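There are 2 protein chains.
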Amino acid sequence: MSPEGTAKGVTAPKGFRAGGIACGIKKSGALDLALLVSDLPASAAGTFTRNRFRASCVDHSERVARRGRARAVVANSGNANAATGKQGKRDTAEMARRTAAALRVPAGDVLVASTGVIGVPLPMAAVLDGIEELAARLGAAGGRRAARAIMTTDSVAKEAAVRKRIGGATVAVGGMAKGSGMIHPDMATMLAFITTDAHVPAPALRKVLRGAVDDSFNAITVDGETSTNDMVLCLANGAAGGAAVLAGRDLDVFSGMLGDVCRDLAEKIVRDGEGASKFIRVVVTGAASVSAARRVARAVAVSPLVKTAVYGGDPNWGRIAAAAGNAGVAFRPEKVSIRVGGVPIVRRGEGLGPAAEREVARSLRGKEIEIGVDLGAGKARASYFTCDLTHEYITINASYRT
Amino acid sequence: MSPEGTAKGVTAPKGFRAGGIACGIKKSGALDLALLVSDLPASAAGTFTRNRFRASCVDHSERVARRGRARAVVANSGNANAATGKQGKRDTAEMARRTAAALRVPAGDVLVASTGVIGVPLPMAAVLDGIEELAARLGAAGGRRAARAIMTTDSVAKEAAVRKRIGGATVAVGGMAKGSGMIHPDMATMLAFITTDAHVPAPALRKVLRGAVDDSFNAITVDGETSTNDMVLCLANGAAGGAAVLAGRDLDVFSGMLGDVCRDLAEKIVRDGEGASKFIRVVVTGAASVSAARRVARAVAVSPLVKTAVYGGDPNWGRIAAAAGNAGVAFRPEKVSIRVGGVPIVRRGEGLGPAAEREVARSLRGKEIEIGVDLGAGKARASYFTCDLTHEYITINASYRT
Chain D
107 MSPEGTAKGV
117 TAPKGFRAGG
127 IACGIKKSGA
137 LDLALLVSDL
147 PASAAGTFTR
157 NRFRASCVDH
167 SERVARRGRA
177 RAVVANSGNA
187 NAATGKQGKR
197 DTAEMARRTA
207 AALRVPAGDV
217 LVASTGVIGV
227 PLPMAAVLDG
237 IEELAARLGA
247 AGGRRAARAI
257 MTTDSVAKEA
267 AVRKRIGGAT
277 VAVGGMAKGS
287 GMIHPDMATM
297 LAFITTDAHV
307 PAPALRKVLR
317 GAVDDSFNAI
327 TVDGETSTND
337 MVLCLANGAA
347 GGAAVLAGRD
357 LDVFSGMLGD
367 VCRDLAEKIV
377 RDGEGASKFI
387 RVVVTGAASV
397 SAARRVARAV
407 AVSPLVKTAV
417 YGGDPNWGRI
427 AAAAGNAGVA
437 FRPEKVSIRV
447 GGVPIVRRGE
457 GLGPAAEREV
467 ARSLRGKEIE
477 IGVDLGAGKA
487 RASYFTCDLT
497 HEYITINASY
507 RT
Chain X
107 MSPEGTAKGV
117 TAPKGFRAGG
127 IACGIKKSGA
137 LDLALLVSDL
147 PASAAGTFTR
157 NRFRASCVDH
167 SERVARRGRA
177 RAVVANSGNA
187 NAATGKQGKR
197 DTAEMARRTA
207 AALRVPAGDV
217 LVASTGVIGV
227 PLPMAAVLDG
237 IEELAARLGA
247 AGGRRAARAI
257 MTTDSVAKEA
267 AVRKRIGGAT
277 VAVGGMAKGS
287 GMIHPDMATM
297 LAFITTDAHV
307 PAPALRKVLR
317 GAVDDSFNAI
327 TVDGETSTND
337 MVLCLANGAA
347 GGAAVLAGRD
357 LDVFSGMLGD
367 VCRDLAEKIV
377 RDGEGASKFI
387 RVVVTGAASV
397 SAARRVARAV
407 AVSPLVKTAV
417 YGGDPNWGRI
427 AAAAGNAGVA
437 FRPEKVSIRV
447 GGVPIVRRGE
457 GLGPAAEREV
467 ARSLRGKEIE
477 IGVDLGAGKA
487 RASYFTCDLT
497 HEYITINASY
507 RT
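Chains as they are written, first to last, in the numbering used here: chain D, 107 to 508; chain X, 107 to 508.
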C-alpha cells in the first residue's frame, strides 16, 4: 500500500494533501487551522445548514459548491465567524483569496468553513499568516492533523475511509468530521469533509451526497438543534483513474461507499456527544413511507424523556409510544409494536407487562441500545442515532462559557 | 360574597359543585378521583391532544364536546388508562355511565379524563365505588379538593378564577389544571377544566376556547413533549343570568376572562415544571405574522441549550440566535435584535460585546427571565413560557419509575 493507502481520512484517496497548524485562534495553543487541497481540479458538492443565522462561510461555500468545482478547503476552529456582520463576510472572502494565492489555484475554487464561538471577529492577521505557513507544509499524510485542527469540544478526531473497485480502478472515499453531537450551536457545530479519487461529475456527486447525508448526518441528534455553520463538503478528483462514475451499478457502489463513510463519521459524532453515556439507535419499521419512518425515528431520538429513561435504565416504553405519537405521522396505535434491546415490550399497542419490563431493564444496562418501533402501516424504514441525556450534559452546557 | 364567591377554582362560578376523594388508585392513599358537575345543562367545548397514542378518554370526551353539551366531568389521577386496548375503552365508557347514573344526568353528557401511568388497566372496582361515594359528597366549595385529586407529580394544586360584569350580570370563570410542565408523557400529563356561569352557546365557546388555549396551554413548554391524555375542557352553564354571550364586546370581555384564567393556570404549570429553578418568558416581536412569531418563540423556548444557559447564568446569546434561526421561519439575521432581562445584547444581527454580556449575566441571576427577540420583519408578536433545564430534571426523569 502506498502512504496514501495507509491514511484513514481525507488523504486516503489519491491526489489529496492536507495539514493542520495552530495559528493562534485558540488561546490553548491547540491546532485551529486546516487546509485540504486536491492536486487536480475536483467536482464539488455540499449540503448546508438551513439555520437562518448562517455564517458567511456557509453562503460562500454554497456558492462555490453550486458551480460544482473546487480545489481546496480552508477551515478554522475556535471561532465560527458567525453574527459578525459585514466584517465577517469580508474575512471569509479574504480567507478564500489568500488560500487560493498560496496554493496557486483559482480564487473561485476555495471552500471556506469556520467553527467555534459566535459573535467574535476572526483574528485575521493570525489566520492569514497561518494559511501561508500551512500551504507550504501540506502532505499526503496530513489528513490526521487536519482532522485534529477542526476539533472544538470534540474529545477525539473523527476520520473514516473505504476502498472498492469501481469502473476498473480501485477508488477510495475518505472523510473527516467534527462535532460533539450538534449540541453546540454556539460552537457552531458540525462540519464534515469527504474526499474521493473516483471520477464523479458534479451532478451525480450532488445527488448521491444528498442521499448519504440524509441517512447519516441528517439522521443523528443529540438535542435537536442545528447550527449556524453546519456543512458537509465533498470533493471528487478522479485521481484513481477509471471511467467517469455517472449512473448504474458503478454509481450505486460509489453511493454505498459514500454512505458508509458518512454514517461512520456521523456515528462517531454521536458517540462523542457531550455527556453521553450510551449510544442509542432508533429503528422505525413498518412505516407507510421513508419520510414517515424518519419523522417517527427523529421524534423518538430527540425526546428528552426517552433519553433520560435510557440514561436511568428505566424500561419506560410509555415515553417511546408518546414520542412516536407526537411525530405528526398518521398511524394506528393498536398496530404498533415496540422492542428495546431486541426485547418485545409492546405488541399491537398494548404493554407486555412486568416480566417484559424487567428484561428490558436488564438490556438497558448495556452501552448500545436499540429501540425498535414497528408502525404496522407499511414497509418503509429509517434509523436515527442519538445518545442519552445525562447530568453531565447539563453540567457542560450550563457552565460552558462562564 | 356568596360561598361560591370565595372559591378560587372550578366552583367559583355559580351552579357548579365538585369534590375529590382517595378511591384507591394511588398506593400512597392521596386523592385520586375528582368529580365536577353543573347543576344546569351546560355548553361544552374542548381541545384535545394531537398525539397519535391518545387514550380512550380523549376520544370519548372529544365526542361529547363535539355535541356541545355536558353536565359533568369525572377525572382520575394515578392511571392514564392509555395503551390499555379494548379494556381501556370499555372502562372509559363505564366511568361515564356510572357517573351519569350516580348524578342522574344523561349518560351522553359526562366527560372523562385520566392521568397517570401508561399501560396499566384501571382498578375499576375501586373507581366505580369511588364515583358512587363522591357523587354523594359534592359541594360548592369542593373545587379545591377536585384540584388536588387530579394531581400526579405536581407539587401544588393549580386553580384560577376571575369575575366581571357581562351583559348585565356578574359572571365568573374558574379553572383547575394539573401538569408538572408537560414533562411526563408517561404520567400523561396536562389536564385543565374551566367552568363559567356565563351563558355562552357552544359555537362561541369553542371559538374563544381555541384562542385562549393557543395563547396559554399551547404556549408553554418544558421539553417540547405532548402526551397521550392532554385535554382542556370548558363548561358554561349560564347560572349567572344575563343575556347570551354571542359576539361583540360581551364576547371580547368573556374571551379576555377565559384567556386570563388559562394563562394563569398555564403559568402555574410551568412554575411547577420539574427541576425548574427559573421561569422564562420568551417574547418575539417584529414578526411578519403571529404564527411566525409563535414558531420562533417556541424554537427558543424548547432549546435545551438556551435553557441550560439560563440555568447556568451564561449570557450566551449565540444559542438564542441559533435557536431562532432553527425555527423554519424566514427572516433577515442582520435585522434581528435580542434582549435578555431587558438588556440589549444583539443589535441588528451583531453582538454588543463583553460589557453587554456582563450586564446580561447579572440579570440572569434573577428567578424570572425575559428573552426578547425582535425579528425586524413586521408587527406581529407572540409569547412562550418555559423554565430552565437543570440537573434536577435529569435526576427526576432518569429515576422516575425505577
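Where a beta carbon is used, it is the ideal one built from N, C-alpha and C, also for glycine. Please read all numbers here as calculations on a predicted model, not as lab measurements.
Going by C-alpha distance, which of D:Glu373, D:Val446, D:Phe159, D:Ala263 is nearest Ala325 (chain D)? Locating residue 325 (chain D) in the first sequence gives position 219, where the first residue counts as 1. Taking the Cα of Ala325 (chain D) as reference, the smallest distance to any Cα among D:Glu373, D:Val446, D:Phe159, D:Ala263 is reached at D:Glu373.
Contact check, Asp213 (chain D) vs Ala140 (chain D), beta carbons under 8 Å: As a first step, residue 213 (chain D) is located in the first sequence; it is residue number 107 there, counting from the start. As a first step, residue 140 (chain D) is located in the first sequence; it is residue number 34 there, counting from the start. According to the sequence as given, residue 213 (chain D) is Ala; it is not Asp. Cβ distance not < 8 Å, so Ala213 (chain D) and Ala140 (chain D) don't count as in contact.
Please confirm whether Pro439 (chain X) has its beta-carbon closer than 8 Å to some beta-carbon of chain D. Position 333 of the second sequence, counted from the first residue, corresponds to residue 439 (chain X). Residue-level contact by beta carbon holds for Pro439 (chain X) and chain D, with a gap shorter than 8 Å.
Per DSSP, the bridge partner or partners of Arg271 (chain X): Taking the second sequence and counting its residues from 1, the one referred to as residue 271 (chain X) is at position 165. BP columns for Arg271 (chain X) point to X:Thr276.
Run down chain D in chain order and give the residues with a C-beta less than 9 Å from the C-beta of His497 (chain X). Taking the second sequence and counting its residues from 1, the one referred to as residue 497 (chain X) is at position 391. What His497 (chain X) touches in chain D: His497, Ile500, Thr501, Ala504.
If I follow the unbroken alpha helix (DSSP H) through Asp356 (chain X), where does it start and stop? Taking the first residue of the second sequence as position 1, residue 356 (chain X) is located at position 250. Looking at the DSSP string, the run of the alpha helix (DSSP H) that includes Asp356 (chain X) is 354-377.
Would you say the beta carbon of Val164 (chain D) is closer than 7 Å to some non-hydrogen atom of the ligand SAH? Among the components modelled here there is no ligand, and therefore nothing to report on the ligand SAH.
With a cut-off of 8 Å on the beta carbons, I'd call Gly249 (chain X) and Ala124 (chain X) a contact; round off their distance for me. On the second sequence, residue 249 (chain X) is found 143 positions in, with the first residue counted as 1. On the second sequence, residue 124 (chain X) is found 18 positions in, with the first residue counted as 1. Yes, they are in contact, since the Cβ atoms of Gly249 (chain X) and Ala124 (chain X) sit about 5 Å apart, within 8 Å.
Kindly indicate which three-state DSSP category Met293 (chain X) falls into: helix, strand or coil? Within the second sequence, the letter at position 187 stands for residue 293 (chain X). For Met293 (chain X), the pLDDT reaches just 47, beneath the cut-off of 50, and the residue's location in the model is therefore unreliable, leaving the point undetermined.
C-beta atoms of Val446 (chain D) and Asp494 (chain D) nearer than 8 Å: Your numbering for residue 446 (chain D) matches position 340 in the first sequence. Your numbering for residue 494 (chain D) matches position 388 in the first sequence. No, the Cβ-Cβ distance between Val446 (chain D) and Asp494 (chain D) is not below 8 Å.
Taking the continuous alpha helix (DSSP H) assigned at Thr334 (chain X), which residues delimit it? Sequence index remark: in the second sequence, residue 334 (chain X) carries index 228 (1-based). Taken as a continuous stretch (DSSP letters only), Thr334 (chain X) belongs to no alpha helix (DSSP H), as it is neither H nor E.
Three-state secondary structure (DSSP) at Leu142 (chain D)? Here residue 142 (chain D) is taken as the residue at index 36 of the first sequence, counted from 1. Strand.
Check whether chain D comes within 8 Å of Glu456 (chain X), counting only Cβ atoms and requiring the distance to be less than that. Stepping through the second sequence from its first residue, residue 456 (chain X) is reached at position 350. Answer yes: the Cβ-Cβ gap between Glu456 (chain X) and chain D drops below 8 Å somewhere.
For Ala128 (chain D), I'd like the list of residues in its chain whose CB is within less than 7 Å of its CB, leaving aside the five on either flank, ordered along the chain. Here the question's residue 128 (chain D) lines up with position 22 in the first sequence. These residues qualify, in order along the chain: Gly135, Ala136, Leu137, Asp138.
In or out: Ala454 (chain X) buried (at least 16 other Cβ within 10 Å) or exposed? As a position in the second sequence, residue 454 (chain X) is number 348, starting the count at 1. The sequence shown places Arg at residue 454 (chain X), not Ala. Exposed, by the Cβ-count rule.
Identify, in the order they occur along the chain, each residue of the same chain with its Cβ nearer than 6 Å to the Cβ of Ala429 (chain D), setting aside the five sequence neighbours on each side. In the first sequence, the residue the question calls residue 429 (chain D) occupies position 323. If we look at Ala429 (chain D) and ignore the five residues flanking it on each side, its Cβ neighbours are Ala405, Val406, Ser409, Val412.
Cutting at 6 Å between CB atoms, please list the residues of its own chain near Ser162 (chain D), excluding the five before and the five after it. Your numbering for residue 162 (chain D) matches position 56 in the first sequence. So the qualifying residues of the chain are Gly194, Lys195, Thr198.
For a cutoff of 8 Å on Cβ pairs, would you count Asp292 (chain D) as touching chain X? The residue given as residue 292 (chain D) occupies position 186 in the first sequence. Bear in mind that the predicted position of Asp292 (chain D) carries a pLDDT of just 47, short of 50, making it too unreliable to give a figure here.
For Pro307 (chain D), which residues in the same chain have their Cβ closer than 7 Å to its Cβ, ignoring the five residues on either side in sequence? The residue given as residue 307 (chain D) occupies position 201 in the first sequence. Counting only residues of its own chain and dropping the five nearest sequence neighbours on each side, Pro307 (chain D) has a CB closer than 7 Å to the CB of Ser149, Ala350, Leu352.
CB contact check: Met288 (chain D) to chain X, cutoff 8 Å: Indexing the first sequence from 1 puts residue 288 (chain D) at position 182. The predicted model places Met288 (chain D) with a pLDDT of 46, which falls under 50 and marks its position as unreliable; any figure quoted below should be read in that light. No, its Cβ sits nowhere closer than 8 Å to a Cβ of chain X.
Where Leu137 (chain X) falls: helix, strand or coil (DSSP): By one-based count along the second sequence, residue 137 (chain X) stands at place 31. Three-state result, Leu137 (chain X): coil.
If we count Cβ pairs, one from each stretch, closer than 8 Å, do we get three or more for the stretch 177-191 of chain X versus the stretch 214-222 of chain X? Under the three-pair Cβ rule at 8 Å, the stretch 177-191 of chain X counts as touching the stretch 214-222 of chain X.
Counting only runs that start and end within the stretch 191-228 of chain D, where is the beta strand (DSSP E) found for 3 or more residues in a row? Whole beta strand (DSSP E) segments, 3+ residues: 216-223.
Tyr417 (chain D) touches chain X at which residues, Cβ-Cβ below 9 Å? Position 311 of the first sequence, counted from the first residue, corresponds to residue 417 (chain D). Those within 9 Å of Tyr417 (chain D) in chain X are Ile500, Asn503, Ala504.
For the beta strand (DSSP E) that Val479 (chain X) lies in, which residues bound it at each end? The sequence position of residue 479 (chain X) within the second sequence is 373, counting from 1. Element bounds for Val479 (chain X): 474-480.
Under 8 Å: do the stretch 461-478 of chain D and the stretch 183-192 of chain X share three or more Cβ pairs, one atom per stretch? These segments do not touch.
Close Cβ partners of Thr153 (chain D) (< 6 Å) along its chain, the five nearest in sequence each way excluded: Indexing the first sequence from 1 puts residue 153 (chain D) at position 47. Answer for Thr153 (chain D): Val319, Val338, listed in chain order.
Would the beta-carbon of Gly344 (chain X) fall within 8 Å of that of His305 (chain X)? To locate residue 344 (chain X), count along the second sequence from 1; it is residue 238. To locate residue 305 (chain X), count along the second sequence from 1; it is residue 199. It is a contact, given that the beta carbons lie within the stated cut-off.
Near-chain X residues of the stretch 156-190 of chain D - C-beta to any C-beta below 9 Å: Arg156, Asn157, Arg158, Phe159, Arg160, Ala186, Ala188, Ala189, Thr190
Looking at chain X, is there any beta carbon in it that lies within less than 8 Å of the beta carbon of Cys493 (chain D)? Taking the first residue of the first sequence as position 1, residue 493 (chain D) is located at position 387. It does not: the Cβ of Cys493 (chain D) has no partner Cβ on chain X nearer than 8 Å.
Does any CB atom of chain X fall closer than 8 Å to the CB of Ala407 (chain D)? The residue you call residue 407 (chain D) lines up with position 301 of the first sequence. False, the Cβ-Cβ gap to chain X never drops below 8 Å.
Within chain D, partners of Thr62 (chain X) - CB distance below 7 Å: What the structure shows of chain X is the stretch from 107 to 508, and residue 62 (chain X) is not part of that stretch, so it cannot be assessed.
Residues that DSSP places opposite Thr391 (chain X) in a beta bridge: Looking up residue 391 (chain X) in the second sequence gives position 285. DSSP output for Thr391 (chain X) lists X:Asp480 as bridge partner(s).
Count the other CB atoms within 10 Å of the CB of Pro309 (chain X); is the residue buried (16 or more) or exposed (fewer)? Taking the first residue of the second sequence as 1, we reach residue 309 (chain X) at position 203. Of the other Cβ atoms in all chains shown, fewer than 16 fall within 10 Å of the Cβ of Pro309 (chain X); this residue is therefore exposed.
Go ahead and label Arg160 (chain X) buried or exposed: buried means 16 or more other beta carbons lie within 10 angstroms of its beta carbon, across all protein chains shown. As a first step, residue 160 (chain X) is located in the second sequence; it is residue number 54 there, counting from the start. Per the 10 Å Cβ criterion, buried.
Measure the alpha-carbon distance for Gly121 (chain D) versus Ala246 (chain D) and round it to whole angstroms. Start at 1 with the first residue of the first sequence, and residue 121 (chain D) comes out as number 15. Start at 1 with the first residue of the first sequence, and residue 246 (chain D) comes out as number 140. Spanning the alpha carbons of Gly121 (chain D) and Ala246 (chain D) requires a straight line of approximately 8 Å.
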